[in-house]
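Participant: No gaps in the numbering here: position 91 of the sequence shown is 74 in my numbering, and each next residue is one more.
Just so you know, even glycine gets a beta-carbon here, dropped at the ideal spot from N, CA and C.
Can you read through this structure? Questions will come right after.
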Amino acid sequence: MSHELVELLRSVLKEELQPIHERLDRLEAGQQRLEERQQRLEERQQRLEERQQRLEERQQRLEERQQRLEEKLDHFIIETRSHFKKIEDELAEHRRMFEILSHDWRNANIAIEYLNHKIGQHDLEMYQLKKRLELQETK
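Written out as structure tokens, the structure reads:
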């Protein structure tokens, strides 16, 4: 009877433990799924961290390029101001020269008009002297 009792106990325990085994199997399967999801989340987080690292590197490069552009712009502005100042100085010099030449031109025109007037007077005087000489010769 002891063998039958053992078998009976085994059977009862098996029936009683069956739901517990099934539940344990479900828990283990759920645990496995959670671990797989956790692994996928960790992989996604790793990819996100890598992307963030690449973005930070790109941002750093952009900031460096922006800094270089700002420096180039500063140099360009300084150079442009220097050229502009030089052009302004040359323009002032050209204006001064133009005023001098304009003044000299006016003075030369006045002198030419005066000399033309004098030439006209001298021509008239020479004509008159010539006529007098002709008159005296005819006499």
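Any chance you could list the alpha helix (DSSP H) runs of at least 4 consecutive residues sitting entirely within the stretch 16 to 43, in chain order?
Facilitator: none
Participant: If you draw a straight line from the C-alpha of E73 to the C-alpha of I60, how long is it?
Facilitator: The count along the sequence shown starts at 1 and reaches residue 73 at position 90. The count along the sequence shown starts at 1 and reaches residue 60 at position 77. C-alpha separation (whole angstroms): 20 Å.
Participant: In this structure, does DSSP put K122 in helix, strand or coil?
Facilitator: Counted from its first residue, the sequence shown places residue 122 at position 139. Residue state, collapsed to three classes: coil.
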